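A quick write-up on the structure given underneath.
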Amino acid sequence: MKLVPFAFCGAVLMLAPFALAAPASSQSISAPDAEAAAAEFVSAFNALDRTRFDPLFADDVTVFFPSAPFDIQRVEGKTAVLAWFGKFFHAMRERTGNLNIEPADLKVHDYNTFAVVTFHLKGGDDLGRRTLILHREGNGWKIVHLHASAEPLKKSPN
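Throughout the sequence shown, residue numbering follows mature numbering (1 follows the signal peptide of the UniProt record, and there is no 0), covering -21 to -1, 1 to 137 in sequence.
Structure below.
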């Protein structure tokens, strides 16, 4: 079943110069369910671990990143998506060495051959919103779409 993907991303910071995408792998996320697959995505992202992170994506993945410095248009294909994440991971390694993304309000809708995972990222002045579309392949999962957006939090009147 071919899905029309939606999109995703994890952070907004300045990118360092170039970082090449790591070699692709055809393995799917070996997880018993979509929630475990999403947890592996977050864990690999937080660790800035390209060896674990890159194989999580389908060849035809699409991503909507949240804002500049990322491309604000839909990014299509694993090579292009991983090139953007590669730049981001390189910049983060130079700044902090790792990340601490903590999904809140996680919801998983498993439809057997695909799953929709949504969560929020809280902190700062924005509410991050993330959507992962996962496709079941064999005994595992591949991310076919990731959508990341941020919405300014409304301040309470004093």
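Even glycine gets a Cβ: it sits at the ideal position worked out from N, Cα and C. Here the structure is a predicted model, which means the values were calculated and not measured.
In the DSSP assignment, Ser46 is bridged to no other residue. A direct Cα-Cα distance of roughly 13 angstroms separates Phe93 from Ala37. When secondary structure is reduced to three states using DSSP, Arg115 falls in the strand class. With contact defined as three or more Cβ pairs closer than 8 angstroms, the region 15 to 26 and the region 73 to 80 are in contact.
Listed as beta-bridge partners of Ala83 by DSSP are His99. Burial state of Ala17 is buried, judged by a 10 Å Cβ sphere holding 16 or more other Cβ atoms. Around the beta carbon of His88, a 10 Å sphere encloses fewer than 16 other beta carbons of the protein chains shown; the residue is thus reported as exposed.
Beta-carbon to beta-carbon, Leu106 and Glu73 are separated by about 27 angstroms, too far to satisfy the 8 angstroms threshold.
The criterion of a C-beta distance shorter than 9 angstroms is satisfied by Glu14 and Leu85.
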